[in-house]
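Numbering (full-length UniProt numbering), first residue to last: 19 to 242.
Beta carbons: idealized from backbone N, C-alpha and C, even for Gly.
These notes are about the structure you will find just below.
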Ligand code: CTP
Ligand code: MG
């Protein structure tokens, strides 16, 4: 059964504050988008659609030279970009689709495979998660309270589902005007059960300048 993917890369990266869209920023000489696409390919993903910001096609083509992907313009929000990417996939309805943030450029292939395998094993919607490491407080007006973090998990990507399921879920949520931050939540909104698999610390979402420093250090450790 084919496994296909949408890599969302249409964001500007305002918190990173680079001169280029975040997905084009290089980590140890290789653009984040290229590292993300290569990680998916290494895990055996066949067709890949990449959502990109308007006006940057030549730079994305250069960054992904030699890798065969389909480019589509992204939307105003991540959710809109995912929808645009899903619409561009030509795989059969029951294909497994993974939605991945270009910004999680160091995702291990084992995490990608774990998500795909869980969908192949019958799960409706799958997300990789990691334990929350910070102490968490809930602020309510003037008061604040400690939150027990032991049952909490932080959500990563790629998130997986069957293509027709995820398309339907995204269309429904767009009609209803609901905004959610991840694709499993889109499925959950339709009453589906979300299955969790283990994510990995390396799969951090590069968001602020400090994350690039951390990711560079992780990469150097990988290839001594
Ligand atoms: N994304 C997208 N389309 C958007 C917004 C985000 O495809 N309209 C993608 C980003 O390119 C990124 C992923 O969604 O790979 C996760 O979003 P985030 O880390 O928030 O990236 P940006 O939105 O680019 O960053 P910022 O919020 O700091 O501007
Ligand atoms: Mg954003």
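Could you tell me the alpha carbon to alpha carbon distance between residue 230 and residue 224, rounded to whole angstroms?
For the purposes of this step, residue 230 is taken as the residue at position 212 of the chain shown. For the purposes of this step, residue 224 is taken as the residue at position 206 of the chain shown. The alpha-carbon separation between residue 230 and residue 224 amounts to approximately 6 Å.
Output yes or no for whether 8 Å exceeds the beta carbon distance between residue 71 and residue 136.
If you number the chain shown from 1, residue 71 lands on position 53. If you number the chain shown from 1, residue 136 lands on position 118. Contact flag unset, no.
Enumerate, from N- to C-terminal direction, the unbroken alpha helix (DSSP H) stretches of 4 or more residues contained entirely within the region 134-217.
Counting whole runs of 4 or more residues, the region 134-217 contains the alpha helix (DSSP H) stretches 181-194 and 201-207.
Can you give the beta carbon distance from residue 148 to residue 172, rounded, assuming they're within the 8 Å contact cut?
Translated into positions along the chain shown, residue 148 becomes position 130. Translated into positions along the chain shown, residue 172 becomes position 154. At roughly 5 Å, the Cβ-Cβ gap stays under 8 Å, so residue 148 and residue 172 are in contact.
For residue 220 and residue 239, I'd like the C-alpha separation in whole angstroms.
For the purposes of this step, residue 220 is taken as residue 202 along the chain shown, with counting starting at 1. For the purposes of this step, residue 239 is taken as residue 221 along the chain shown, with counting starting at 1. Straight-line Cα distance between these residues: approximately 11 Å.
Let me confirm a value: residue 104 is counted as buried when at least 16 other C-beta atoms fall within 10 Å, else exposed. Which label applies?
What you label residue 104 is simply residue 86 of the chain shown in a count that begins at 1. Counting the other CB atoms within 10 Å of its CB gives residue 104 a total of 16 or more, which places it among the buried residues.
For residue 103, is the beta carbon positioned less than 7 Å from some heavy atom of ligand 2?
The sequence position of residue 103 within the chain shown is 85, counting from 1. In this structure, residue 103 has its CB at a distance of at least 7 Å from all heavy atoms of ligand 2.
Can you say whether residue 7 is buried or exposed, counting buried as having 16 or more other CB atoms within 10 angstroms of its CB?
Nothing can be reported for residue 7, as the shown portion of the chain is limited to 19 through 242.
Out of 141, 177, 195 and 40, point me to the one whose CA is closest to residue 211's CA.
Position 193 of the chain shown, counted from the start, is the residue given in the question as residue 211. Shortest Cα-Cα distance from residue 211 to any of 141, 177, 195 and 40 involves 141.
Option in 160, 152 and 162 with minimal Cα separation from residue 168:
Start at 1 with the first residue of the chain shown, and residue 168 comes out as number 150. Selection 160, 152 and 162 evaluated against residue 168 yields 152 as nearest (Cα-Cα).
Look at the Cβ atom of residue 129, then the Cβ atom of residue 22, and state whether they are nearer than 8 Å.
Residue 129 sits at position 111 when you count from the first residue of the chain shown. Residue 22 sits at position 4 when you count from the first residue of the chain shown. Residue 129 places its beta carbon 8 Å or farther from that of residue 22.
Mind checking whether residue 90 and residue 108 have CB atoms under 8 Å apart?
Translated into positions along the chain shown, residue 90 becomes position 72. Translated into positions along the chain shown, residue 108 becomes position 90. If you check the CB distance, residue 90 and residue 108 do not come in under 8 Å.
Can you list, in chain order, the residues of its chain with a C-beta nearer than 6 Å to that of residue 150? Leave out the 5 residues immediately preceding and following it.
What you label residue 150 is simply residue 132 of the chain shown in a count that begins at 1. Excluding positions up to five away in sequence, the list reads 167, 170 and 172.
What do you get for residue 57, buried or exposed, if any count of 16 or more other CB atoms within 10 angstroms of its CB means buried?
Numbered from 1 along the chain shown, position 39 holds the residue referred to as residue 57. Under the 10 Å beta carbon count, residue 57 is surrounded by 16 or more other beta carbons and is classified as buried.
So, does the CB of residue 149 fall closer than 8 Å to a CB anywhere in chain B?
Of the chains in the structure shown, none is chain B; there is only one protein chain.
Inspect the beta-carbon positions of residue 145 and residue 200 and report whether they are closer than 8 Å.
Looking up residue 145 in the chain shown gives position 127. Looking up residue 200 in the chain shown gives position 182. Closer than 8 Å, so yes.
Report the option in 232, 188, 102 and 164 whose CA atom is closest to the CA atom of residue 24.
Here residue 24 corresponds to residue number 6 of the chain shown, with the count starting at 1. Checking every option, the nearest Cα to that of residue 24 belongs to 102.
Using the Cα positions of residue 54 and residue 160, report the straight-line distance between them to the nearest angstrom.
By 1-based counting over the chain shown, the position of residue 54 is 36. By 1-based counting over the chain shown, the position of residue 160 is 142. Residue 54 and residue 160: Cα-Cα distance of roughly 42 Å.
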